[in-house]
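Chemist: Quick one: this structure, given as C-alpha cells, is what I'll be asking you about.
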Amino acid sequence: MRYLKGKKIGIIGLGNMGRAILNGLVSSGAVGRTSVIGFDNDPAKCADVRKKYSILISKSILELVTHCDSVIFAVKPQNINEVLKEASFYGKDRLHISIAAGITTRRIEKALGGKPRVVRVMPNTPALVGEGISALCKGRYASRSDLKTADEIFSSVGEVVELNERYFDLVTALSGSGPAYFFYLKEALIEAAVRLGMDRKTAKRLVLKTALGSARLLLESGHEPGLLRQHVTSKGGTTERAIAVFEKAKIKETVARAVRAAVRRSKELSRG
Ligand SMILES: NC(=O)c1ccc[n+]([C@@H]2O[C@H](COP(=O)([O-])OP(=O)(O)OC[C@H]3O[C@@H](n4cnc5c(N)ncnc54)[C@H](OP(=O)(O)O)[C@@H]3O)[C@@H](O)[C@H]2O)c1
C-alpha cells in the first residue's frame with residue numbers, strides 16, 4: 420500500500436457505501452484503524468461505527484478535513500452541495516474523492532473553488548462483501564499519484580478500472596445499477612419456480628448457486644457469455660425452448676432500452 424502509507428483518510432457519510440469502504444480499508448489491513456476518521460450527520464451511525472471499527476469519529480466535517488490527507492464524500496448526491504460547502508472552508512490541498520452518482524469532477528471543483536485535487540469513483544454494492552468493481556477518473560488538478568491513492572482505497576473492496584469521465588453515465592447504468600438488474604432476474608426466476616409449485620427457500624438456493632457458479636465459470640474460463648450459453652443449449656432441448664421465449668420477447672432489446680434509460684437518468688442527475 421505504497422500510496423496510502425502514512426496517510427489519514429476521512430469518510431463523510433457512514434451509510435451503505437461509506438461503511439463498505441471503511442470495512443474494506445480496515446479489514447484488508449490497507450490502513451490501520453487510527454488512520455481512518457469518519458463523520459455522519461446521524462449520531463447513531465457514528466456511535467455504531469465507532470463501536471464496531473474502533474476508528475476516530477470527528478465532531479464535524481471541518482474537523483475531519485483538517486486532519487485528513489484524503490477525504491471521501493460518501494453522501495447522497497442531494498447532500499453533496501452542503502458537504503462540499505463545509506469542506507471548502509478549510510485549505511484544499513488534500514485529495515477529494517467523491518462517489519456521488521452523477522456529480523462530475525467539474526462540479527466538485529467549482530463548488531470547492533481554486534484548483535482542488537478531485538477523483539471521482541463509481542463503486543457498486545458488492546463492495547459490501549469485497550466483490551465490488553469501481554470505475555475511477557481524475558479531475559483537472561489531480562495527479563497520477565492521486566489516482567493511485569484512490570485505486571488503493573477502492574481495491575480494498577474489489578476491483579478497480581480507470582476510465583475517462585465521459586463513460587461515467589454508462590458506468591453508472593452498467594455496474595453502478597447493475598447489481599439490481601441481476602437481483603431482478605433472480606427475483607423473476609425464484610417467482611417462476613414458486614408459481615410452478617416449489618418452496619421459496621429451495622428455489623432461492625437453486626437460483627443463487629446457479630448465478631454464482633455461472634459467474635465463476637465465466638470469469639475462470641475466460642469465454643464469452645454467448646459461447647457458454649451455447650454449451651448449455653443442446654438442439655431440441657429445454658434451454659433452447661426457454662431461450663426461444665426470451666428471443667421472441669426481445670429481451671436483449673429490452674435490456675438495451677433499460678440501460679439507455681439509466682444513462683439518460685444519470686445525465687439528468689448530472690445537470691442537477
Ligand atoms: N448504493 C449504491 O448502490 C451506490 C453505488 C454507487 C455509488 N453510490 C453513491 O454512494 C453515495 C452514498 O450512497 P449510500 O447508498 O451509501 O447512501 P446512504 O446509505 O444514504 O448513506 C449516506 C449517509 O450520509 C449521511 N449524510 C447526509 N448528509 C450528510 C452530511 N451533510 N454530513 C454527513 N453525513 C451526511 C446520511 O445520513 P442521513 O441518512 O441521516 O441523511 C447517510 O448516513 C451516493 O452518492 C451514491 O450515489 C451508491
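All residue numbers for the sequence shown refer to the working numbering, where the first residue is 420 and numbers rise by one. C-beta atoms are modelled at their ideal positions from N, C-alpha and C, and glycine is treated no differently. Computed from a prediction, not measured in an experiment: that's the story for all the values here.
1) When every heavy atom of ligand 1 is checked, does at least one fall within less than 6 Å of the C-beta of N442?
2) Looking only at its own chain, which residues have a Cβ that is under 8 Å from the Cβ of T544, when we skip the five neighbours before and after it?
3) Near K504, what residues of its chain come up, given a Cβ to Cβ distance below 8 Å and the 5 sequence neighbours on each side ignored?
4) Can T544 be considered in contact with ligand 1, in the sense that its beta carbon sits closer than 6 Å to one or more heavy atoms?
5) In the DSSP output, which residue or residues are listed as bridge partners for S553?
6) With contact counted as at least three CB pairs below 8 Å, one residue from each stretch, are the region 471-485 and the region 495-515 in contact?
7) Output the boundary residues of the beta strand (DSSP E) element that contains M541.
8) By the three-class DSSP mapping on this structure, what secondary structure does I572 have?
9) Relative to ligand 1, is the shortest distance from any of its heavy atoms to the C-beta of N435 smaller than 6 Å?
10) Could you pull out every residue in the same chain whose Cβ sits closer than 7 Å to the Cβ of A569, ignoring the five residues on either side in sequence?
11) If you draw a straight line from the C-alpha of K464 to the C-alpha of K470, how long is it?
12) List the endpoints of the continuous beta strand (DSSP E) containing V455.
13) Considering V490, what are the terminal residues of the beta strand (DSSP E) in which it resides?
14) Going by beta-carbon coordinates alone, are L608 and V590 separated by less than 7 Å?
15) Determine the contact status of D488 and K426, defining contact as a CB-CB distance below 7 Å.
16) Considering only the beta carbon of each residue, do I430 and L441 sit closer than 7 Å?
17) Could you name the residues of the same chain whose beta carbon sits closer than 7 Å to that of L593, not counting the 5 residues immediately before and after it, in chain order?
18) Can you grab the Cα-Cα spacing for the pair G451 / F573, in whole Å?
19) Have a look at V651, V579, A449, G432 and flag the residue whose alpha-carbon is nearest the alpha-carbon of K424.
Modeler: The relevant details are as follows:
1) By 1-based counting over the sequence shown, the position of residue 442 is 23. No; taking the cut-off as 6 Å, the Cβ of N442 has no heavy atom of ligand 1 nearer than that.
2) Working through the sequence shown from its first residue, we reach residue 544 at position 125. So the qualifying residues of the chain are N435, M436, A439, G551, P598.
3) Here residue 504 corresponds to residue number 85 of the sequence shown, with the count starting at 1. Cβ within range, chain order: A530.
4) In the sequence shown, residue 544 corresponds to position 125, counting from 1. For ligand 1, at least one heavy atom lies less than 6 Å from the Cβ of T544.
5) As a position in the sequence shown, residue 553 is number 134, starting the count at 1. Answer is V579.
6) yes
7) Here residue 541 refers to the residue found at position 122 of the sequence shown. Note, M541: beta strand (DSSP E), 536-541.
8) Within the sequence shown, the letter at position 153 stands for residue 572. Helix at I572.
9) On the sequence shown, position 16 is the one that residue 435 refers to. Checking every heavy atom of ligand 1 against the Cβ of N435, one is found closer than 6 Å.
10) For the purposes of this step, residue 569 is identified with residue 150 of the sequence shown, where counting begins at 1. I516, V538, V540, L555.
11) On the sequence shown, residue 464 is found 45 positions in, with the first residue counted as 1. On the sequence shown, residue 470 is found 51 positions in, with the first residue counted as 1. Distance between the alpha carbons of K464 and K470 is about 10 Å.
12) Here residue 455 is taken as the residue at index 36 of the sequence shown, counted from 1. Element bounds for V455: 455-458.
13) Mapped onto the sequence shown, residue 490 falls at position 71. That run of the beta strand (DSSP E) goes 489-492.
14) Locating residue 608 in the sequence shown gives position 189, where the first residue counts as 1. Locating residue 590 in the sequence shown gives position 171, where the first residue counts as 1. No, Cβ-Cβ distance for L608 and V590 is not below 7 Å.
15) Locating residue 488 in the sequence shown gives position 69, counting from the first residue. Locating residue 426 in the sequence shown gives position 7, counting from the first residue. Yes, these two residues count as a Cβ contact at 7 Å.
16) Position 11 of the sequence shown, counted from the first residue, corresponds to residue 430. Position 22 of the sequence shown, counted from the first residue, corresponds to residue 441. Yes, Cβ-Cβ distance for I430 and L441 is below 7 Å.
17) The residue given as residue 593 occupies position 174 in the sequence shown. Here the set comprises V678.
18) One-based indexing of the sequence shown puts residue 451 at position 32. One-based indexing of the sequence shown puts residue 573 at position 154. Taking the straight line from one Cα to the other gives about 16 Å.
19) Your numbering for residue 424 matches position 5 in the sequence shown. That would be A449, whose Cα lies nearest to the Cα of K424.
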